[in-house]
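2 protein chains.
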Amino acid sequence: MSRLIPIPRTPSAYAYPLLIKQLLHAPMAVNPEQEIVYRGQVRHSYWTMRHRVGQLASGLDSQGIEAGDTVAVMDWDSHRYLESYFGIPMMGAVLMTVNVRLSPEQIAYTLNHAGVKLLMVHADFLPVIEAIRDQLETVERLILISDDTLSIESTPLPEGFVAEYEALLAASPPDYAFPDFDENARATTFYTTGTTGLPKGVYFSHRQIVLHTLATMAALTSAPSQGRVHRDDVYMPLTPMFHVHAWGMPYVATALGMKQVYPGRYAADHLLRLISGERVTFSHGVPTLLHMLLSHPDAANVDLSGLKIIVGGSALPRGLAQAALDRGIDVFTGYGMSETCPILTLAQVKTTLRGDTTTELDVRTKTGLPIPLVDLRIVDDEMRDVAHDGKANGEIVVRAPWLTQGYLGSASESERLWAGGYLHTNDIGSIDSDGYLQVTDRIKDVIKSGGEWVSSLELEDLISRHPAVSEVAVIGIRDTRWGERPLPLIVLRPGQSAEPADILEHLRDFVRRGAISKYAVPDRVLFVDAIEKTSVGKINKRLLREQYQAVLPL
Amino acid sequence: MSRLIPIPRTPSAYAYPLLIKQLLHAPMAVNPEQEIVYRGQVRHSYWTMRHRVGQLASGLDSQGIEAGDTVAVMDWDSHRYLESYFGIPMMGAVLMTVNVRLSPEQIAYTLNHAGVKLLMVHADFLPVIEAIRDQLETVERLILISDDTLSIESTPLPEGFVAEYEALLAASPPDYAFPDFDENARATTFYTTGTTGLPKGVYFSHRQIVLHTLATMAALTSAPSQGRVHRDDVYMPLTPMFHVHAWGMPYVATALGMKQVYPGRYAADHLLRLISGERVTFSHGVPTLLHMLLSHPDAANVDLSGLKIIVGGSALPRGLAQAALDRGIDVFTGYGMSETCPILTLAQVKTTLRGDTTTELDVRTKTGLPIPLVDLRIVDDEMRDVAHDGKANGEIVVRAPWLTQGYLGSASESERLWAGGYLHTNDIGSIDSDGYLQVTDRIKDVIKSGGEWVSSLELEDLISRHPAVSEVAVIGIRDTRWGERPLPLIVLRPGQSAEPADILEHLRDFVRRGAISKYAVPDRVLFVDAIEKTSVGKINKRLLREQYQAVLPL
Numbered sequence: 004m005s006r007l008i009p010i011p012r013t014p015s016a017y018a019y020p021l022l023i024k025q026l027l028h029a030p031m032a033v034n035p036e037q038e039i040v041y042r043g044q045v046r047h048s049y050w051t052m053r054h055r056v057g058q059l060a061s062g063l064d065s066q067g068i069e070a071g072d073t074v075a076v077m078d079w080d081s082h083r084y085l086e087s088y089f090g091i092p093m094m095g096a097v098l099m100t101v102n103v104r105l106s107p108e109q110i111a112y113t114l115n116h117a118g119v120k121l122l123m124v125h126a127d128f129l130p131v132i133e134a135i136r137d138q139l140e141t142v143e144r145l146i147l148i149s150d151d152t153l154s155i156e157s158t159p160l161p162e163g164f165v166a167e168y169e170a171l172l173a174a175s176p177p178d179y180a181f182p183d184f185d186e187n188a189r190a191t192t193f194y195t196t197g198t199t200g201l202p203k204g205v206y207f208s209h210r211q212i213v214l215h216t217l218a219t220m221a222a223l224t225s226a227p228s229q230g231r232v233h234r235d236d237v238y239m240p241l242t243p244m245f246h247v248h249a250w251g252m253p254y255v256a257t258a259l260g261m262k263q264v265y266p267g268r269y270a271a272d273h274l275l276r277l278i279s280g281e282r283v284t285f286s287h288g289v290p291t292l293l294h295m296l297l298s299h300p301d302a303a304n305v306d307l308s309g310l311k312i313i314v315g316g317s318a319l320p321r322g323l324a325q326a327a328l329d330r331g332i333d334v335f336t337g338y339g340m341s342e343t344c345p346i347l348t349l350a351q352v353k354t355t356l357r358g359d360t361t362t363e364l365d366v367r368t369k370t371g372l373p374i375p376l377v378d379l380r381i382v383d384d385e386m387r388d389v390a391h392d393g394k395a396n397g398e399i400v401v402r403a404p405w406l407t408q409g410y411l412g413s414a415s416e417s418e419r420l421w422a423g424g425y426l427h428t429n430d431i432g433s434i435d436s437d438g439y440l441q442v443t444d445r446i447k448d449v450i451k452s453g454g455e456w457v458s459s460l461e462l463e464d465l466i467s468r469h470p471a472v473s474e475v476a477v478i479g480i481r482d483t484r485w486g487e488r489p490l491p492l493i494v495l496r497p498g499q500s501a502e503p504a505d506i507l508e509h510l511r512d513f514v515r516r517g518a519i520s521k522y523a524v525p526d527r528v529l530f531v532d533a534i535e536k537t538s539v540g541k542i543n544k545r546l547l548r549e550q551y552q553a554v555l556p557l
Numbered sequence: 004m005s006r007l008i009p010i011p012r013t014p015s016a017y018a019y020p021l022l023i024k025q026l027l028h029a030p031m032a033v034n035p036e037q038e039i040v041y042r043g044q045v046r047h048s049y050w051t052m053r054h055r056v057g058q059l060a061s062g063l064d065s066q067g068i069e070a071g072d073t074v075a076v077m078d079w080d081s082h083r084y085l086e087s088y089f090g091i092p093m094m095g096a097v098l099m100t101v102n103v104r105l106s107p108e109q110i111a112y113t114l115n116h117a118g119v120k121l122l123m124v125h126a127d128f129l130p131v132i133e134a135i136r137d138q139l140e141t142v143e144r145l146i147l148i149s150d151d152t153l154s155i156e157s158t159p160l161p162e163g164f165v166a167e168y169e170a171l172l173a174a175s176p177p178d179y180a181f182p183d184f185d186e187n188a189r190a191t192t193f194y195t196t197g198t199t200g201l202p203k204g205v206y207f208s209h210r211q212i213v214l215h216t217l218a219t220m221a222a223l224t225s226a227p228s229q230g231r232v233h234r235d236d237v238y239m240p241l242t243p244m245f246h247v248h249a250w251g252m253p254y255v256a257t258a259l260g261m262k263q264v265y266p267g268r269y270a271a272d273h274l275l276r277l278i279s280g281e282r283v284t285f286s287h288g289v290p291t292l293l294h295m296l297l298s299h300p301d302a303a304n305v306d307l308s309g310l311k312i313i314v315g316g317s318a319l320p321r322g323l324a325q326a327a328l329d330r331g332i333d334v335f336t337g338y339g340m341s342e343t344c345p346i347l348t349l350a351q352v353k354t355t356l357r358g359d360t361t362t363e364l365d366v367r368t369k370t371g372l373p374i375p376l377v378d379l380r381i382v383d384d385e386m387r388d389v390a391h392d393g394k395a396n397g398e399i400v401v402r403a404p405w406l407t408q409g410y411l412g413s414a415s416e417s418e419r420l421w422a423g424g425y426l427h428t429n430d431i432g433s434i435d436s437d438g439y440l441q442v443t444d445r446i447k448d449v450i451k452s453g454g455e456w457v458s459s460l461e462l463e464d465l466i467s468r469h470p471a472v473s474e475v476a477v478i479g480i481r482d483t484r485w486g487e488r489p490l491p492l493i494v495l496r497p498g499q500s501a502e503p504a505d506i507l508e509h510l511r512d513f514v515r516r517g518a519i520s521k522y523a524v525p526d527r528v529l530f531v532d533a534i535e536k537t538s539v540g541k542i543n544k545r546l547l548r549e550q551y552q553a554v555l556p557l
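Chains as they are written, first to last, in the numbering used here: chain A, 4 to 557; chain B, 4 to 557.
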């Protein structure tokens, strides 16, 4: 390789660093009149958005923010959040998206850990700030975000706040000169709450976000028909913008010049009104949110056909997928995690697999096909590839140009994440002969019974097909004889009833059909009123294991 | 900016350089059984292609090729050329694509200038090699490419040749370990023949080709319906693969896992057979080639509907576009040049402009909208932006992550290309309120009459609308009174006749409608039998000016 030299560059040539600002060239040239809507209250064009992004940077500059500083945002999904996605990193500063569902103490921990210098807070979160004010070690200034700017003008700012967002923008010139800098500069950071220990900070560079945007765009737009997004789509997130850049989709939507709708705080009736009123056609979220929308009484009166929804964060249950398909929604799985920016795979249905409704449902609820540039493997303990036969399971390890290069300030966990040069997802999965990945379990959720693996996700999928079952979580419970045994926790549908024996018989039916092994059938099931979720809406298996291990005899 | 530091990277983390090999991950994971067809004679899968790419690298390695060496290819459009697009750069070597339409002396010049170490030559070009053998200063080895491998086995290789392509692959292991290296390493080089002086070498890095591929993919796939490409399309180039990587489309088609068809030497009847037999749906080429296809007698018997063709290299005449539309072809313009990798803009029709056939024709024949990441400006002599009103003209200057960073070994021309930090296209254009760029002239083709600019391209467009006109070129001729005057050279359609006065009256009609100025109407026109083209099929205005200036009185 010694003779390999970089291409010569004439001194005046522009090397073109991959910076977030570069994503704005195409929409501003092609579609600057397109709309960006907030709750139906605020309607901006891309011109206005670009103007305000300049004002935001000027305003932050006037508050002492410089390249390398970290600015945190606590807001619902809004046009202001979108402005922050661009304006803050484009200055060379780092955008920290604060998970507002964490406990106040965890929020304080993450703000301190990230060294946040300036914090922008929606008025709804003032009680949180009051509670942690004394714990904040690095925050120098607070900016208030309010949907009610009239009252701001006549009301003094809360104690400690230096400005209100809209007033700051109004007082700031739009012509901030966004500089060029190293594309490997940090653009964003946020914290992932694992099932153990303190929240861990992941971080993404400008280059990583630009490449994630391009590859996700290419994957979403290149499908022949099912699972396809295009420039005329109307985008609204149903994944909070503090969560992995709302899966990076605001960057995708902006780069494509789509109409965008930001809903503010999520409430099913309000979201349904926006979907209908703004003619939303493209969204994404966790299964819980889709379930909430479909089961809301107002849903019956809203035409949801033509809506495309990527579901991720947890496995997409078949029953929920079918319910969405019945409403004319093009629903399919996306896979990724905080550490991966996040998109790795999309469960778009290949044309050769279309037509048969059962096959389509199978495919849509799989984990998906890798998007461009993703090098995804399933491997054994020695990092050797296992067969792609739909049966062999291995740990999912991955390379892509947009994976966090470590955890902030945590050398040993960073090295563990990247052991052997591949990012370890800690998910177990198989790949079938069509290339579809199927996550079968989390490494830490795997149940080992009598030396054999039992897939909690597989059991959850099968149990969820029972007509009386609304929600299910399968956890591993210590067992003196087998080491561990699976325990299903089941929430029944309102008005439905079932006995444990019904569920077990339902599962034995799958044993007879050869779908699962006999030892995978649990010895008992528990009916519960609700299943504990984490701050991002995932089933909190760690907590469930603690809860139910304690109350059950060994 | 001093506080801006690159993201921390844990030692084991994979930084993921943007290398051409990374484009193969998705198709190999998603669609490895897809076909790659050569002339209908050879049918490979992507598995086979990937296998042969490894064999090619092993074979070249056995012939002494190392990272940093330049390997040149002289072939028609083939599966072997596609293998070279990947295998040669993936080794760290540089692929030189030889313009086989140049004169033997020019070919020798470019091979020497690029320092080619190994040359792979299709048997059809052996006479060229014979003619220049003594002039080659750096070529150490020659490899023969033949479509007739049977005869090779029984026939000795031509003198000086060390191997035949298929035999070399058959003798070479497929498991070449393609290394990682700096993404800024040179991947490709080729020569652009300007209208003056020696051919100039441009060059592109791995990073540049990967980014061009991603952005072109996103632009082509994200259109709602018109001008949209998707994974199920069947791709066949109608731009030679030696010409700016066939506009980069073989990389796009491969990264999307499309079926690909390589036609070998272009002949209209053969191309039409392949379009029909292989169900080709996506191609691109110069207007001349589209004209050749449509006017061939066999075209009447081929269903061309559903075919998408991007036309570039020269302006797309309205008459030709209409003829293509009449056959059900989705035809539209693409814009770029050798220096730009090449794609800068695509004339996809915005949904708001669809429906009216005249408007659609206007838009399809415009130069287009910038694709993602392209920063395109029209500027005056002081690099100040001119208005985007569809009227003001300026030089088109551009930034994108995939522009040649100079001309090989030509410091002063490199600096001229990049004066002021933007690449100078040497094209003049306007941008309308919808954002569409329209190239109105080449700087060097501009005709200045009485101090006013006359657009030769605009005159050509208007004259081509006359029903008797098959082809037209407008050049500037020196004039004692006005400095220069436009002179149209016209080829009439077979069986049609027209007088110069008819053409001039046709143009005066546009003056009356306000479309052009009175001084733009030429004083005379010339009917000719043919119009001289350059090696890449563009009208050779330099030659025409020389020819006709000489024979005409001042």
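Backbone N, C-alpha and C fix where the C-beta goes; we use that ideal spot for every residue, glycine too.
- Straight-line gap, Arg144 of chain B to Thr100 of chain B (C-alpha atoms, nearest Å): Their Cα atoms are separated by approximately 16 Å.
- Message: Quick check: is the beta carbon of Trp421 of chain A nearer than 8 Å to any beta carbon in chain B?
- Response: yes
- Task: Determine the direct distance from the alpha carbon of Val457 of chain A to that of Leu465 of chain A, and round the result to whole angstroms.
- Result: Leu465 of chain A and Val457 of chain A: Cα-Cα distance of roughly 13 Å.
- Helix, strand or coil: which one does DSSP assign to Tyr19 of chain B? Looking at Tyr19 of chain B - three-state DSSP - the assignment turns out to be coil, as it is neither helix nor strand.
- Output the residue ranges of the alpha helix (DSSP H) runs that lie fully inside the stretch 343 to 403 of chain A and measure 4 residues or longer, sorted by chain position. 360 to 367
- Range covered by the beta strand (DSSP E) that runs through Tyr194 of chain A: Here the beta strand (DSSP E) through Tyr194 of chain A covers 189 to 195.
- Name the chain A residues that come within less than 7 Å of Asn543 of chain B, Cβ to Cβ? Going along chain A, no residue has its Cβ under 7 Å from Asn543 of chain B, so there is no contact; the nearest lies around 28 Å.
- Which chain B residues sit within Cβ distance under 7 Å of Thr224 of chain A? Within chain B, the residues near Thr224 of chain A are Ala221, Thr224, Ser225.
- In its own chain, which residues sit with a C-beta less than 8 Å from the C-beta of Leu547 of chain A, not counting the 5 before and 5 after it? Cβ within range, chain order: Ala476, Ile478, Leu492, Ile534, Glu535.
- Task: Name, please, each residue of chain A whose Cβ falls closer than 9 Å to the Cβ of Phe233 of chain B.
- Result: The question names Phe, but residue 233 of chain B in the sequence shown is His. In chain order: Thr224, Ser225, Ala226, Pro227, Ser228, Arg231.
- Which residues in the same chain as Leu139 of chain A place their Cβ atom closer than 7 Å to its Cβ, once the five residues preceding and following it in sequence are excluded? Ala111, Leu114, Asn115
- Message: Looking at the secondary structure, which residues open and close the alpha helix (DSSP H) in which His209 of chain A lies?
- Response: Where His209 of chain A is concerned, the enclosing alpha helix (DSSP H) stretches over 209 to 224.
- Limits of the unbroken beta strand (DSSP E) element including Ala111 of chain B: Here Ala111 of chain B belongs to no beta strand (DSSP E); instead the alpha helix (DSSP H) covers 107 to 117.
- Item | Distance CB(Leu217 of chain B)-CB(Leu217 of chain A) smaller than 8 Å | A contact, by the Cβ cut-off of 8 Å.
- Message: Can you give me the C-alpha to C-alpha distance between Val205 of chain B and Pro320 of chain B, rounded to a whole angstrom?
- Response: 29 Å
- Task: Jot down the residue ranges of each uninterrupted beta strand (DSSP E) in the stretch 247 to 290 of chain B, minimum 3 residues, whole runs only, in chain order.
- Result: Counting only runs of 3 or more residues that sit fully inside the stretch 247 to 290 of chain B, the beta strand (DSSP E) segments are 262 to 265, 285 to 288, in chain order.
- Query: What first and last residue would you give for the beta strand (DSSP E) that runs through Ser473 of chain B?
  - Reply: 472 to 482
- Between the beta-carbon of Pro182 of chain A and the beta-carbon of Gly95 of chain A, is there less than 8 Å? The answer is yes: Cβ separation under 8 Å.
- The alpha helix (DSSP H) enclosing Tyr84 of chain B, as first and last residue numbers: Going by DSSP, Tyr84 of chain B is part of the alpha helix (DSSP H) stretching over 82 to 93.
- Message: Is there a C-beta anywhere in chain B that falls below 8 Å from the one on Tyr206 of chain A?
- Response: yes
- Proximal residues to Leu277 of chain A (C-beta, below 7 Å), its chain only, five neighbours per side dropped: Gly43, Met239, Val264, Pro266, Val283
- Starting from the C-beta of Thr198 of chain B, find all residues in its chain whose C-beta is less than 6 Å away, skip the five residues before and the five after it, and write them out in chain order. Confidence at Thr198 of chain B is low in this model, with a pLDDT of 49, below 50, so its placement is unreliable and the value that follows should be read with caution. Take Thr198 of chain B, set aside five residues on each side of it, and the residues of its chain with a beta-carbon closer than 6 Å to its own are Arg545, in chain order.
- Query: Going by the C-beta, is Gly57 of chain A closer than 7 Å to any heavy atom of the ligand NAP?
  - Reply: Absent from the structure shown: the ligand NAP. Ligands present: none.
- Message: Please tell me whether Thr15 of chain B has its Cβ less than 8 Å away from any Cβ of chain A.
- Response: Correcting the residue identity first, residue 15 of chain B is Ser in this sequence and not Thr. Closer than 8 Å to some Cβ of chain A, the Cβ of Ser15 of chain B qualifies, so yes.
- Query: Using 8 Å as the limit for Cβ to Cβ distance, is Pro404 of chain A near chain B?
  - Reply: yes
- Message: So for Ile542 of chain B, helix, strand or coil by DSSP?
- Response: strand
- Express the C-alpha separation of Leu85 of chain B and Val561 of chain B in angstroms, rounding to a whole number. For residue 561 of chain B there is no data in the structure shown, the boundaries of chain B being 4 and 557.
- Query: Hey, would you say Leu98 of chain B sits closer than 8 Å to Ala190 of chain B, going by beta carbons?
  - Reply: yes
- Query: Thr224 of chain A and His233 of chain A look like a contact to me (Cβ under 8 Å); what is the Cβ gap, rounded to whole Å?
  - Reply: 6 Å
- Spell out a yes or no on whether the stretch 375 to 390 of chain B and the stretch 359 to 366 of chain B are touching, meaning 3 or more CB-CB pairs, one atom from each, closer than 8 Å. no
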